[in-house]
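The sequence shown begins at 72 in my numbering and counts up by one.
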Amino acid sequence: METTEIAFIGAGNMATSLIGGLITDNYPPQKIWASNIREEKLEILASNYHINTTTDNKEAANQAKIVVLCVKPQVLAEVSQELADIVQLRQSLVISISAGVPTDVLSKWLGNNVPIVRCMPNPPALVGAAATGLYANKLVDRQQKDIAEHLLRAVGITEWLDTEEQMDVITALSGSGPAYFFLMIETLQREAEGLGLSPDVAKLFSIQTALGAAKLLLESGTDVEILRERVTSPGGTTEAAINLLERDNFCNIVANAMKAADERAREIAELFRGN
Ligand SMILES: NC(=O)c1ccc[n+]([C@@H]2O[C@H](COP(=O)([O-])OP(=O)(O)OC[C@H]3O[C@@H](n4cnc5c(N)ncnc54)[C@H](OP(=O)(O)O)[C@@H]3O)[C@@H](O)[C@H]2O)c1
Numbered sequence: 072m073e074t075t076e077i078a079f080i081g082a083g084n085m086a087t088s089l090i091g092g093l094i095t096d097n098y099p100p101q102k103i104w105a106s107n108i109r110e111e112k113l114e115i116l117a118s119n120y121h122i123n124t125t126t127d128n129k130e131a132a133n134q135a136k137i138v139v140l141c142v143k144p145q146v147l148a149e150v151s152q153e154l155a156d157i158v159q160l161r162q163s164l165v166i167s168i169s170a171g172v173p174t175d176v177l178s179k180w181l182g183n184n185v186p187i188v189r190c191m192p193n194p195p196a197l198v199g200a201a202a203t204g205l206y207a208n209k210l211v212d213r214q215q216k217d218i219a220e221h222l223l224r225a226v227g228i229t230e231w232l233d234t235e236e237q238m239d240v241i242t243a244l245s246g247s248g249p250a251y252f253f254l255m256i257e258t259l260q261r262e263a264e265g266l267g268l269s270p271d272v273a274k275l276f277s278i279q280t281a282l283g284a285a286k287l288l289l290e291s292g293t294d295v296e297i298l299r300e301r302v303t304s305p306g307g308t309t310e311a312a313i314n315l316l317e318r319d320n321f322c323n324i325v326a327n328a329m330k331a332a333d334e335r336a337r338e339i340a341e342l343f344r345g346n
C-alpha cells in the first residue's frame with residue numbers, strides 16, 4: 072500500500088493500538104502524527120515509536136491526508152469542528168472510531184464534502200484481536216477504502232457494511248459482545264470457586280476454556296452447532312448443563328440482550344442527531 076501522512080487526533084488506548092499496529096506493519100513512523108490534549112501520552116508514543124507528536128490538533132491534521140479521530144464521543148463535536156476547515160481544504164479522508172456517532176452527524180460537523188469512514192472496533196483491538204465494522208459515506212473512493220481497511224486490519228479482522236444501520240448490529244454483537252463473554256466467565260469463575268476450586272485455578276480455567284472454545288471453533292472450521300453436539304455426550308455432564316440452560320431460556324435471554332443493545336445503539340445515534 073502507498074504510504075500517506077496519517078494524523079491521529081486523541082492519543083489514548085485505541086490510537087496507541089492502531090499506531091503500534093501500523094509500526095509493526097512497517098509503516099514509516101515519520102509519516103505518522105499524533106495529537107493529544109496533554110503531553111504525557113505523546114511523550115510515551117514518541118519515545119516508543121519515533122512518530123511526530125503535538126498538542127495542537129490542527130498542526131497534526133495539517134500534515135496529513137488521513138485524519139483518524141480517536142477522541143471520546145463527548146468531545147468529538149468540538150474536535151471535528153476545530154478541524155473542519157483543514158480537512159475540507161486538504162480534501163483529507165476522515166476516519167472516525169468514535170462509538171455511536173453516525174456519518175451524517177460527522178458530516179454536519181466536518182462539512183458535507185468530506186469523505187468519511189466510520190468504524191466500530193472493539194476492546195480486543197488493544198491486544199490485536201478486534202472485530203471492526205466499517206462504513207464509508209458516498210465520497211470515499213476505492214483507494215481511501217483500502218487505506219482505512221489497512222489501518223484497522225492492523226488490530227484485527229475487518230468487514231465493510233452495506234448500510235449504516237448494520238453498524239448498530241455490529242455494536243450489539245462485537246462492540247458490546249466482549250462484556251457478554253466477561254459476564255459468562257465471571258459467573259463460571261464464581262461458581263467454580265463455590266464448588267471448591269481455589270480462586271486462581273477457577274479464574275485461569277474459566278478464561279482458558281473461553282479461549283480454547285473460540286480457538287477450536289476458528290481453527291477446526293467446523294460449524295458451531297456440530298461442535299456443540301460433539302462435546303455433548305448423551306447422558307453426560309455437558310448434556311445435563313445444556314438441558315438446564317435451554318429449559319431456563321438461555322438462548323432467549325441472549326437474543327433479547329442483543330436486541331436491547333441494537334435498540335440502544337439506534338437511540339444513541341438519534342441523540343447525536345438531536346432528535
Ligand atoms: N477502547 C475501546 O475498546 C474502544 C472500542 C471501540 C471504539 N472505541 C472508541 O475509540 C475512541 C477512543 O477510545 P479510547 O479507549 O482510546 O479512549 P481514551 O484512551 O480516553 O483516548 C482518548 C484520548 O483523547 C484525548 N483527548 C481528549 N480531549 C481531546 C482534545 N480536545 N483534543 C485531543 N485529544 C483529546 C484524551 O486525552 P487525556 O486522556 O490526556 O485527557 C485521550 O488520550 C472513543 O471514541 C471510543 O468510542 C473505543
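From the three backbone atoms N, C-alpha and C, an ideal C-beta is built for every residue, glycine too. All values derive from a computational prediction rather than experimental measurement.
For glycine 246, the closest of Lys330, Thr203, Cys322, Ser178 by C-alpha to C-alpha distance is Thr203. For cysteine 190, the enclosing beta strand (DSSP E) begins and ends at 187-191. Counted as a single uninterrupted DSSP element, the beta strand (DSSP E) harbouring threonine 124 occupies residues 123-125. Residues of the same chain with a CB within less than 7 Å of the CB of methionine 238, apart from the 5 flanking positions on each side, are Arg189, Met191, Gly204, Tyr206, Leu232 in chain order. When the Cα atoms are used, leucine 197 and valine 226 turn out to be separated by approximately 7 Å. Cβ-Cβ distances below 6 Å link isoleucine 241 to Met191, Gly204 in the same chain, with the five nearest sequence neighbours on each side left out; the list follows chain order. In the three-state scheme derived from DSSP, where H, G and I count as helix and E and B as strand, tyrosine 120 is classed as helix. Here the distance from the Cβ of arginine 109 to the nearest heavy atom of ligand 1 is below 6 Å. Taking every protein chain shown into account, the CB of phenylalanine 321 has fewer than 16 other CB atoms within 10 angstroms, so this residue is exposed. Within 10 angstroms of the beta-carbon of glutamate 149 lie fewer than 16 other beta-carbons, which makes it exposed. For threonine 75, the three-state secondary structure derived from DSSP is coil. Taken through DSSP and simplified to helix, strand or coil, tyrosine 251 comes out as helix. The count of Cβ pairs closer than 8 Å, one atom from the stretch 289-306 and one from the stretch 131-140, stays below three, leaving the stretches out of contact. Between the alpha carbons of leucine 113 and asparagine 107 lies a distance of about 7 Å. Of the other Cβ atoms in all chains shown, fewer than 16 fall within 10 Å of the Cβ of glycine 345; this residue is therefore exposed. Residue pairing from DSSP places threonine 229 in a beta bridge opposite Thr203. For valine 176, same chain residues with a beta-carbon under 7 Å away, outside a window of 5 residues either side, are Phe343, Arg344 in chain order.
Short note on alanine 78: C-beta not closer than 6 Å to any heavy atom of ligand 1. Taking all protein chains in view, the Cβ of glutamate 310 is surrounded by fewer than 16 other Cβ atoms within 10 Å, so the residue is classified as exposed. Boundaries of the beta strand (DSSP E) around isoleucine 103: 103-106. For serine 167, the enclosing beta strand (DSSP E) begins and ends at 164-167. About 14 Å separates the beta carbon of proline 186 from that of leucine 222, a gap too long to meet the 8 Å contact definition. Within the same chain, and ignoring the five residues on either side of asparagine 128 in sequence, the residues whose Cβ sits closer than 7 Å to its Cβ are Ile80, Ser106, Val150, Glu153, Leu154.
Separation of glycine 199 and threonine 87 (C-alpha to C-alpha, rounded to the nearest whole angstrom) is 11 Å. When DSSP states are grouped into helix, strand and coil, valine 272 belongs to the helix group. Isoleucine 122 and leucine 259 have their C-alpha atoms some 43 Å from each other. Closest by C-alpha distance to asparagine 208, out of Arg224, Arg337, Glu236, Thr124, is Glu236.
If you draw a 10 Å sphere on the C-beta of asparagine 193, you find 16 or more other C-beta atoms in it, and that means buried. Less than 7 Å separates the beta-carbon of glutamate 76 from that of lysine 102.
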